[in-house]
Each structure stands twice: as C-alpha cells, then as structure tokens.
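Each remark here refers to the structure printed beneath this line.
Residue numbers (this note's numbering): 12 to 298.
Here you go:
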C-alpha cells in the first residue's frame with residue numbers, strides 16, 4: 012500500500028510535491044479570513060436559524076440519523092482495527108489481519124487528532140460558545156471569533172469541531188484502496204466529511220470556521236503521519252519489522268499465560284494436601 016506520491020515523481024509546483032506546506036497555507040489563510048471577517052461565521056449560521064425556533068434542523072430525525080452514522084462509522088473502524096490487533100496477539104503465528112503500519116497510522120491519527128489535539132488542547136483553551144448559545148441566535152453568550160480565547164464557556168465549547176475532525180480523519184482511507192478506486196473513494200469520503208460539517212452548522216453546534224479549521228488541522232496531521240510511516244526511504248521494511256515484533260510479543264504473551272496456568276494448577280493440586288486435617292495422636296504420641 013502506498014500513501015503518498017514519491018517526491019521524484021511528483022510534478023513540480025503541484026500539491027503532490029509539498030502537500031504539508033499546501034495544507035498549512037490553506038489553514039493559515041482560512042484562519043486569517045475568519046479572524047479578519049468574523050461576520051462570515053454569523054452570516055452562514057443565520058441561513059439555518061429561524062427566529063423563535065432556533066435551529067430547526069437539529070430536530071429532524073433524518074439529519075440526526077446521519078449524524079449518528081458519522082459518529083458510529085469511525086468508531087466501527089476503530090473497533091475493527093483493535094479486533095485485528097487482538098487476533099494477531101491470540102494467533103501470533105498467523106499474519107496480521109491488517110498491515111501493521113496501517114493499524115498504527117490510523118491509531119496515531121485518531122489519538123493525536125480528535126482525541127488529543129481537538130478535545131485535549133483546543134477545547135480547553137479556546138472556549139468559544141456554540142452558535143445556538145450566542146446572543147445573535149437567541150442565546151446568552153457573546154459571539155467570539157475563531158482563535159479567540161473567549162470567556163468562561165467551559166460547558167459547551169465550539170472551537171474546533173470534534174465530529175468534523177473525526178470524519179476528516181477517514182479521508183486517508185482512500186489512499187489504501189486500489190489505484191483505480193482511489194479517486195472515487197476520495198471524493199465520496201470528502202463529500203461525507205463535507206455533509207457532516209454542514210450538518211453540524213445546520214444544528215447550530217458549530218460555526219463554519221470551526222469545521223474548516225478542524226479539517227485543515229487534521230489534513231496537516233494526516234500528511235505528517237503519512238510521511239512518518241510511508242514517505243521515508245526504507246519505510247517499506249517497517250511492516251516486516253512490526254509484524255515480527257508483534258509475533259514475538261504474541262508468543263511471549265502465550266508463554267506468560269501458560270506459565271500462569273501451570274502455576275495455578277500446581278497450587279490447586281497442593282490445596283487438598285494443605286487443607287487435609289493432621290493425623291490424630293494417642294496418649295503415647297503414636298498415631
């Protein structure tokens with residue numbers, strides 16, 4: 012499986028040549044635009060706002076079902092990857108269900124992205140209120156533009172969008188399918204991410220800047236991890252090394268398990284002897 016295009020084959024001046032720099036420039040440009048013109052966020056959210064009703068899209072069953080699918084799809088992928096890892100440890104002599112680098116790449120992407128970067132770093136520091144909680148849309152909190160530290164809105168924070176970050180992390184899956192399907196899968200996953208982001212805006216849960224900046228941050232992280240796991244020279248040997256390490260670790264776990272079972276059986280076999288009453292003695296000290 013190949014994730015990134017080799018630098019020698021990438022046309023000069025294209026996105027393929029320096030994708031990380033391109034993603035960084037796009038994210039910085041979007042950030043500058045939304046900080047300079049914060050009314051864009053208000054204007055986009057106002058499209059889905061109805062005076063006296065709030066954001067009616069948040070009460071539509073079909074849109075809530077779509078949101079649930081966007082939440083469970085990444086969770087299902089995570090469970091499948093963990094299941095494949097568990098199978099490898101149970102049957103260490105068999106090849107991994109998924110290539111080790113594939114599992115490690117997506118595990119790192121989800122843990123470092125939505126878990127650590129979004130919910131561990133951005134949410135606590137950039138306590139921006141959600142659109143439905145701002146004065147412009149019937150709430151009680153003032154509007155705070157993107158990247159502002161804001162006020163004391165620690166109960167319900169908007170910047171950046173966690174759900175948008177999660178679905179954007181699914182887009183790299185397109186680079187692990189056969190080449191003939193790659194463009195189609197990339198478009199479908201990108202469309203799914205865009206609809207999920209639009210869904211969050213329609214619900215009054217996030218501003219446009221929340222989802223776009225989250226997408227830019229996840230794009231930079233996914234490209235950086237792709238270079239780390241797939242882009243360096245000699246990285247093709249990583250799968251072989253990781254497979255061997257997992258096989259060895261699995262055999263060690265089996266050895267520890269067997270030793271533990273043997274120790275328990277030995278103790279159980281000695282238990283009747285330890286619990287047996289001592290033989291009684293007569294007056295002369297003989298049994």
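Note that beta-carbon positions come from the ideal geometry of N, C-alpha and C, so glycine has one too.
Test item: CB-CB of residue i and residue j under 8 Å
i, j, result
"residue 52", "residue 220", "yes"
"residue 198", "residue 230", "no"
"residue 142", "residue 48", "no"
"residue 136", "residue 89", "no"
"residue 157", "residue 37", "no"
"residue 236", "residue 104", "no"
"residue 159", "residue 226", "no"
"residue 114", "residue 92", "yes"
"residue 253", "residue 111", "yes"
"residue 117", "residue 56", "no"
Residue i versus residue j: straight-line alpha-carbon distance, rounded
i, j, result
"residue 215", "residue 170", "13 Å"
"residue 30", "residue 202", "20 Å"
"residue 128", "residue 184", "20 Å"
"residue 19", "residue 101", "Residue placement at residue 19 is poorly supported in this model, since its pLDDT is 45, which falls under 50; the coordinates are not used for a value here."
"residue 250", "residue 70", "47 Å"
"residue 44", "residue 188", "35 Å"
"residue 35", "residue 223", "13 Å"
"residue 106", "residue 240", "20 Å"
"residue 196", "residue 273", "51 Å"
"residue 123", "residue 276", "43 Å"
"residue 64", "residue 194", "41 Å"
"residue 14", "residue 204", "In this prediction, residue 14 scores a pLDDT of 41, lower than 50, which makes its location untrustworthy; no coordinate-derived value is stated."
"residue 82", "residue 177", "8 Å"
"residue 95", "residue 186", "20 Å"
"residue 32", "residue 265", "46 Å"
"residue 256", "residue 132", "32 Å"
"residue 54", "residue 261", "56 Å"
"residue 191", "residue 242", "21 Å"
"residue 80", "residue 228", "23 Å"
"residue 280", "residue 258", "33 Å"
"residue 151", "residue 84", "34 Å"
"residue 154", "residue 146", "7 Å"
Cβ neighbours of residue i in the same chain (closer than 7 Å, five flanking residues each side left out)
i, result
"residue 98", "108"
"residue 17", "For residue 17, the predicted model reports a pLDDT of 43, less than 50, meaning its position is unreliable and no value from the coordinates is stated."
"residue 233", "120, 180, 183"
"residue 211", "172, 174, 175, 217, 222"
Residues that DSSP places opposite residue i in a beta bridge
i, result
"residue 140", "168"
"residue 190", "None, per the DSSP bridge assignment."
"residue 152", "145"
Residues near residue i by beta carbon distance below 6 Å, same chain, minus five either side
i, result
"residue 269", "none"
"residue 61", "67"
"residue 12", "Low local confidence applies: a pLDDT of 42 at residue 12 is under 50, so the model's placement there is unreliable, with the coordinate-based value given in what follows. Cβ neighbours of residue 12 beyond the five flanking positions: 187."
Reduced DSSP secondary structure (H/G/I, E/B, other) of residue i
i, result
"residue 124", "helix"
"residue 65", "strand"
"residue 29", "coil"
"residue 58", "coil"
"residue 183", "helix"
"residue 260", "helix"
"residue 116", "helix"
"residue 238", "helix"
Spatial neighbours of residue i in its chain, beta-carbon cut-off 8 Å, leaving aside the 5 residues before and after
i, result
"residue 206", "77"
"residue 278", "none"
"residue 213", "59, 66, 68, 69, 74"
"residue 167", "140, 141, 144"
heavy atom of the ligand HEM below 7 Å from residue i C-beta
i, result
"residue 223", "With respect to small molecules bound, the structure shown includes none, and the ligand HEM cannot be examined in it."
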